[in-house]
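Below is one structure, written out as structure tokens; comments come after it.
Number of protein chains: 2
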Amino acid sequence: MRSNAEDLTTRARIRDAAIGLFGREGFARATVRAVAAAAGVSPGLVIHHFGSKDGLRDACDQHVLAQTATQGREKTHPESTRQLIQDYLNHPDQYSDEIAYIRRVLSDESEAGDAFFDAVVRQTQDIIHAGIEAGTIRKFDDARSTAVVIASNSLSILMLGRHLSRTLGTVAPEPQGIGPELLRQLTLPALEIYTHGFYTDSRFLDAARDVLQQSTSNTGREHAL
Amino acid sequence: MRSNAEDLTTRARIRDAAIGLFGREGFARATVRAVAAAAGVSPGLVIHHFGSKDGLRDACDQHVLAQTATQGREKTHPESTRQLIQDYLNHPDQYSDEIAYIRRVLSDESEAGDAFFDAVVRQTQDIIHAGIEAGTIRKFDDARSTAVVIASNSLSILMLGRHLSRTLGTVAPEPQGIGPELLRQLTLPALEIYTHGFYTDSRFLDAARDVLQQSTSNTGREHAL
DNA sequence: ATCCAGATTGAACAGCTGTTTAGTGTATGA
DNA sequence: TCATACACTAAACAGCTGTTCAATCTGGAT
Chain A
88 MRSNAEDLTT
98 RARIRDAAIG
108 LFGREGFARA
118 TVRAVAAAAG
128 VSPGLVIHHF
138 GSKDGLRDAC
148 DQHVLAQTAT
158 QGREKTHPES
168 TRQLIQDYLN
178 HPDQYSDEIA
188 YIRRVLSDES
198 EAGDAFFDAV
208 VRQTQDIIHA
218 GIEAGTIRKF
228 DDARSTAVVI
238 ASNSLSILML
248 GRHLSRTLGT
258 VAPEPQGIGP
268 ELLRQLTLPA
278 LEIYTHGFYT
288 DSRFLDAARD
298 VLQQSTSNTG
308 REHAL
Chain B
88 MRSNAEDLTT
98 RARIRDAAIG
108 LFGREGFARA
118 TVRAVAAAAG
128 VSPGLVIHHF
138 GSKDGLRDAC
148 DQHVLAQTAT
158 QGREKTHPES
168 TRQLIQDYLN
178 HPDQYSDEIA
188 YIRRVLSDES
198 EAGDAFFDAV
208 VRQTQDIIHA
218 GIEAGTIRKF
228 DDARSTAVVI
238 ASNSLSILML
248 GRHLSRTLGT
258 VAPEPQGIGP
268 ELLRQLTLPA
278 LEIYTHGFYT
288 DSRFLDAARD
298 VLQQSTSNTG
308 REHAL
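Pasting the structure below:
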């Protein structure tokens, strides 16, 4: 839930306007003047409250990501993760600014993006461990790399949402377009791969295993997929 | 293979410098003056050759992507795809500029990025069809959505390469860091999921199927994963 | 030898950028 | 009532931006 009313501190209003603009246009293209106009204040006030444009960025990072990172660490249960997704799906445009902002943070290299990605991987790893103990998830040799792969796959929806909804013809509620319809269309194919696999047998896997084991520290001449 | 020597047209030298800078810094941050300096020419000459900064961007798009798109359409064989990857792995820093540029193009919304993503999906779809006929890839209900999911997963390495090599502790040869070591570390976990699946049984898949079928065009209140 | 089209440059331009500064309100506490 | 601190603004600043322009410098065709 969010405080949708406009009874916020001016500082908070500026911050929220900046989150929206940074997410929509990117940090470089979004100007201090545009942020000020979106918040209905003067450019000088933006600097007065945050010191500089970089200070404003830091405040946005902290507001969007520290919050998410805390959620990820507290709510280790996979249950609450699903609840969080449901909450998002019920109020898509409420969170769309944060979604777009996180996408930008993961693209533009920054410590905040690093922290967020690491938090996602950590949470994924916890889910995998819990799933293995519960018997719902297979046991993997390299649990960490597997978690990284799963997290990377999941975040690809965030990074490429625009293209996904575009090629799938989804009517996106937001410009960047990660709406309920898109997730509905991707859920079954993704779950099918995660359940029955993508290949019919272990031919590719075995071949790759052989190649990688025989050249452990080679020049890296051969690879599969 | 690339023309690594410096016996290029001045126009081509500017274009290549721009591709490198746009990929490394992003289009907004990379200035015309920086491109000119990297190419060893004056800022005016950049405009003289490309009309404007946007014209330079278009030329870069065309050089990097039209080339890739053509390759993707001609080489439908999965063989050549693997050969292309091998070629890249043997000369990583030769292609790193193009790699970084494509990542930026997929992020910043543009027609070039749309065309590239669509080409990747199309190529993935062809590979899937060929694999189904050859018996190496399972048959899927929704081939198109499956291709989109696979393509999205594959491109996530491109989009999040920096974070992947960072958390996996890979020694990246390039700043954005999609090197042979990273791919070697991700190949087996990814292939394992693609071969044996991620879940132990079809519990999640069945549950999602039920939910999605009963609410075909609902408000979208429930979702799995 | 002359001419000309194109490559190339240095300097300048107008506009936008983040930031500063001086000043005006406007509460709150003494 | 006064003073102080803070929110806030309008205007200006210096620096950077993409772009233009006039002027050279080339190399090849006539």
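Listed in order, the protein sequences are those of chains A and B.
To convert, take the position in the first sequence, counting from 1, and add 87; that gives the working numbering.
To convert, take the position in the second sequence, counting from 1, and add 87; that gives the working numbering.
Beta carbons: idealized from backbone N, C-alpha and C, even for Gly.
Return helix, strand or coil for residue i, following the three-state DSSP convention.
{"i": "residue 224(B)", "result": "strand"}
{"i": "residue 95(A)", "result": "coil"}
{"i": "residue 265(B)", "result": "coil"}
{"i": "residue 150(A)", "result": "helix"}
{"i": "residue 239(B)", "result": "helix"}
{"i": "residue 88(B)", "result": "Low confidence applies here, because residue 88(B) scores a pLDDT of 41, under 50, leaving its location unreliable; read the following figure in that light. If DSSP states are grouped into helix, strand and coil, residue 88(B) belongs with coil."}
{"i": "residue 171(B)", "result": "helix"}
{"i": "residue 118(B)", "result": "coil"}
{"i": "residue 213(B)", "result": "helix"}
{"i": "residue 278(A)", "result": "helix"}
{"i": "residue 111(B)", "result": "helix"}
{"i": "residue 248(B)", "result": "helix"}
{"i": "residue 178(A)", "result": "coil"}
{"i": "residue 273(B)", "result": "helix"}
{"i": "residue 233(A)", "result": "helix"}
{"i": "residue 254(A)", "result": "helix"}
{"i": "residue 195(A)", "result": "coil"}
{"i": "residue 127(A)", "result": "coil"}
{"i": "residue 218(A)", "result": "helix"}
{"i": "residue 183(B)", "result": "helix"}
{"i": "residue 138(B)", "result": "coil"}
Going by Cα to Cα distance, which pick from the options is closest to residue i?
{"i": "residue 287(B)", "options": "220(A), 198(A), 201(A), 235(A)", "result": "220(A)"}
{"i": "residue 140(A)", "options": "152(A), 105(A), 129(A), 151(A)", "result": "105(A)"}
{"i": "residue 285(A)", "options": "238(B), 117(B), 271(B)", "result": "238(B)"}
{"i": "residue 272(A)", "options": "244(A), 128(A), 226(A)", "result": "244(A)"}
{"i": "residue 279(A)", "options": "267(B), 241(B), 294(B)", "result": "294(B)"}
{"i": "residue 268(A)", "options": "282(A), 283(A), 251(A)", "result": "251(A)"}
{"i": "residue 281(A)", "options": "247(A), 296(A), 215(A)", "result": "215(A)"}
{"i": "residue 101(B)", "options": "283(B), 129(B), 301(B)", "result": "129(B)"}
{"i": "residue 222(B)", "options": "118(A), 191(A), 296(A), 289(A)", "result": "289(A)"}
{"i": "residue 108(B)", "options": "121(B), 99(B), 98(B)", "result": "121(B)"}
{"i": "residue 254(A)", "options": "255(B), 110(B), 99(B), 209(B)", "result": "209(B)"}
{"i": "residue 213(B)", "options": "225(B), 119(B), 234(B), 193(B)", "result": "234(B)"}
{"i": "residue 264(A)", "options": "277(A), 274(A), 249(A), 112(A)", "result": "249(A)"}
{"i": "residue 175(B)", "options": "257(B), 266(B), 277(B)", "result": "266(B)"}
{"i": "residue 193(A)", "options": "187(B), 246(B), 211(B), 170(B)", "result": "246(B)"}
{"i": "residue 99(A)", "options": "228(A), 132(A), 118(A)", "result": "132(A)"}
Looking at the strands, I want to know which residues DSSP matches up with residue i.
{"i": "residue 286(B)", "result": "224(A)"}
Any heavy atom of the ligand GTP inside 7 Å of the beta-carbon of residue i?
{"i": "residue 271(B)", "result": "Among the ligands in the structure shown, none appear at all, so the ligand GTP cannot be discussed."}
Residues, ordered as in the chain, of the stretch 96-122 of chain B that lie near chain A by beta-carbon distance below 8 Å: 113, 115, 116
Sufficient close CB pairs (3 or more, under 8 Å) joining the stretch 199-207 of chain A to the stretch 138-153 of chain A: yes
Interface positions of the stretch 263-286 of chain B facing chain A (Cβ-Cβ less than 7 Å), listed along the chain: 267, 270, 271, 272, 273, 274, 275, 276, 277, 278, 279, 280, 281, 282, 283, 284, 285, 286
Any 3 or more C-beta pairs closer than 8 Å across the stretch 125-136 of chain A and the stretch 203-212 of chain A: no
Interface residues of the stretch 289-301 of chain B facing chain A [CB-CB below 7 Å]: 289, 290, 291, 292, 295, 296, 299
Members of the stretch 127-146 of chain B near chain A, C-beta cut-off 8 Å: Those would be none; no residue qualifies.
Under 7 Å (Cβ pairs) to chain A, residues found in the stretch 177-192 of chain B: Within the stretch 177-192 of chain B, the qualifying residues are 177.
Validate contact between the stretch 173-191 of chain B and the stretch 130-146 of chain B using beta carbons, cut 8 Å, 3 pairs: no
Contact residues within the stretch 218-231 of chain A, judged by C-beta distance below 7 Å to chain B: 222, 223, 224, 225, 227, 229
Residues in the stretch 195-211 of chain B having any Cβ partner in chain A nearer than 8 Å: 195, 196, 200, 201, 204, 205, 208
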